[in-house]
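Working notes for the structure below.
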């Protein structure tokens, strides 16, 4: 049975130039955190950002490489927990609505960090909770 194409809907077999005309803002308004696309897996980490080396002097290079940073312009996953390394208090917050990583943000997703490293990031000083008591 032939697939029915709705008026204004791009077909999989349609040339890219027509898809762009029919749907110029494809994906706009989607919360990619809920549909499986994961911007935090883009490969950016605290080790790659020289500015963060000064802010995270107590962290080893190996630890910095494990701290995932959400790329600028990426949307945060709604209801997920983050911290902003540019916030001196490093308070956890839950993303709501259409929060995007801006030029002044270094958002770290809790879901992508081991719990001991997360505790160290948010200022927990108990060595057992940061993995330094071993």
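Residue numbers (our numbering): 1 to 134. Think of the CB as a built atom: it goes at the ideal place given N, C-alpha and C, for glycine as much as any other residue. Given the structure is predicted, the values throughout are model-derived calculations rather than measurements.
- Note that the C-beta distance between residue 61 and residue 47 is below 8 Å.
- Measuring C-alpha to C-alpha distances from residue 70 to each of 79, 122, 85 identifies 85 as the nearest.
- Taking C-beta separations shorter than 6 Å and ignoring five residues to either side along the sequence, the partners of residue 92 in its chain run 81, 83, following chain order.
- Cα atoms of residue 99 and residue 126: separation of roughly 32 Å, rounded to the nearest angstrom.
- In this structure, the alpha-carbon of residue 90 lies about 15 Å from that of residue 101.
- With contacts defined as CB atoms closer than 8 Å, residue 45 and residue 76 fail to qualify as a contacting pair.
- With fewer than 16 neighbouring CB atoms inside 10 Å of its own CB, residue 50 falls in the exposed class.
- Annotation for residue 103: 72 place their beta carbon closer than 8 Å to its own, counting only its chain and skipping 5 residues before and after.
- Nearest Cα to residue 96 within the set 79, 123, 57, 116: 79.
- Burial is judged here by how many other beta carbons sit within 10 angstroms of a residue's own beta carbon; residue 109 has at least 16 and is buried.
- Assignment of beta-bridge partners to residue 124 by DSSP yields no partner.
- By the neighbour-count criterion, in which 16 or more other beta carbons inside 10 Å mark a residue as buried, residue 115 falls on the exposed side.
- Residue pairing by DSSP leaves residue 59 without any beta bridge partner.
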